[in-house]
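Notes for the one structure printed next.
Protein chains: 2
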Amino acid sequence: MVKVSIMYPHTPGLTFDIDYYLQTHMPMSIDRLSAHPGFHGVSVERGVAAPQSGLPPVYVALCHFLFTSADDFVAAFMPHAAALQADIPNYTAIAPVVQFSTVEIAQAR
Amino acid sequence: MVKVSIMYPHTPGLTFDIDYYLQTHMPMSIDRLSAHPGFHGVSVERGVAAPQSGLPPVYVALCHFLFTSADDFVAAFMPHAAALQADIPNYTAIAPVVQFSTVEIAQAR
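Sequences listed follow chains A and B, in order.
Residue numbers for the first sequence follow the numbering used here, so the first one is 221 and each next one is one higher.
Residue numbers for the second sequence follow the numbering used here, so the first one is 221 and each next one is one higher.
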């Protein structure tokens, strides 16, 4: 299983419209990417201050898509890349960091 | 639900023993932290090159713990902090990045 993480670094001076991201951008992204048979799940997260230091989070927002393979993600994403990327300026000017990973251990209570 | 992400940046010149991390360190961490009633799950991941650019991953390894609250994570972690942190030099000299987030959308196929 492959996880594709799209993470927006906390950047002083740049804003991030978390409401638009959670209520408009991510539902649109999930609707499009989840149509691919390689889609297995998604998590969308809001960065919060560290509980002890109170320091701001490294990332203000993150999403993680689970796909069977990186090729499946690319195949799911490419037909919608232009539309999804064109929507980014509607919520931020922060350039996202993209991480590809393989899931080695997964456990839930 | 809170996610605590511990992420090791790819750092030229510094090694990361992924086998030790996956086979020894993370099982020990999961064994200890999952005993807390606030534990809900964990994912452990290996960073891989981006499929199209071939660039190395931003993070060589990541783990994500799900807990009911940040306070629950702190309560679960603190009794084991010294032992777990003392084990880090056994697999890397890379300083991890720690991110606290709230899970806003979670969906699985």
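Using N, Cα and C, we set each Cβ at its ideal position, and we do this for glycine too.
First and last residue of the beta strand (DSSP E) that includes residue i?
i         : result
Gln327(B) : Val317 to Ala328
Phe236(A) : Note, Phe236(A): premise wrong, no beta strand (DSSP E); not H, not E.
Ile226(B) : Val222 to Pro229
Val262(A) : Phe259 to Val268
Leu352(A) : Given that chain A is displayed from residue 221 to residue 329, the structure contains no residue 352(A) and the question cannot be resolved.
Mind checking residue i: buried by the 16 CB within 10 Å criterion, or exposed?
i         : result
Ala296(A) : buried
Gln319(B) : buried
Gly233(B) : exposed
Met298(A) : exposed
Gly258(A) : buried
Thr322(A) : exposed
Thr235(B) : exposed
Leu275(B) : exposed
Leaving out five residues on either side along the sequence, give the residues of the same chain with a beta carbon under 7 Å from the beta carbon of residue i.
i         : result
Arg266(A) : Ile238 and Ala281
Val268(B) : Pro277
Ala290(B) : Val222 and Phe320
Less than 8 Å between C-beta atoms, sequence neighbours within five positions excluded: which residues of the same chain meet that for residue i?
i         : result
Ala326(B) : Met221
Ala255(B) : Ala296
For residue i, which residues of its own chain have a beta-carbon under 6 Å away from its beta-carbon, when the five flanking residues on both sides are left out?
i         : result
Ser225(A) : His284 and Gln319
Val264(A) : Met246 and Cys283
Output the boundary residues of the alpha helix (DSSP H) element that contains residue i.
i         : result
Ala306(B) : Ala301 to Asp307
Glu249(A) : Looking at the sequence itself, residue 249(A) is Ser, so the reference to Glu does not match. Start and end: Met246 to Leu253.
Ala296(A) : Ala290 to Phe297
>> Under 8 Å, CB to CB, which of the residues in the region 250-282 of chain B have a partner in chain A?
In response: Ile250, Ser254, Phe259, His260, Gly261, Val262, Ser263, Val264, Glu265, Arg266, Gly267, Val268, Ala269, Ala270, Pro271, Gln272, Pro277, Val278, Tyr279 and Leu282
> Given a limit of 9 Å on CB to CB distance, which residues of the region 306-325 of chain A reach chain B?
Replying inline: Val317, Val318, Gln319, Phe320, Ser321, Thr322, Val323, Glu324 and Ile325
> Name the residues in the region 283-299 of chain A whose C-beta lies less than 7 Å from a C-beta of chain B; which are they?
Replying inline: Ala290, Asp291 and Val294
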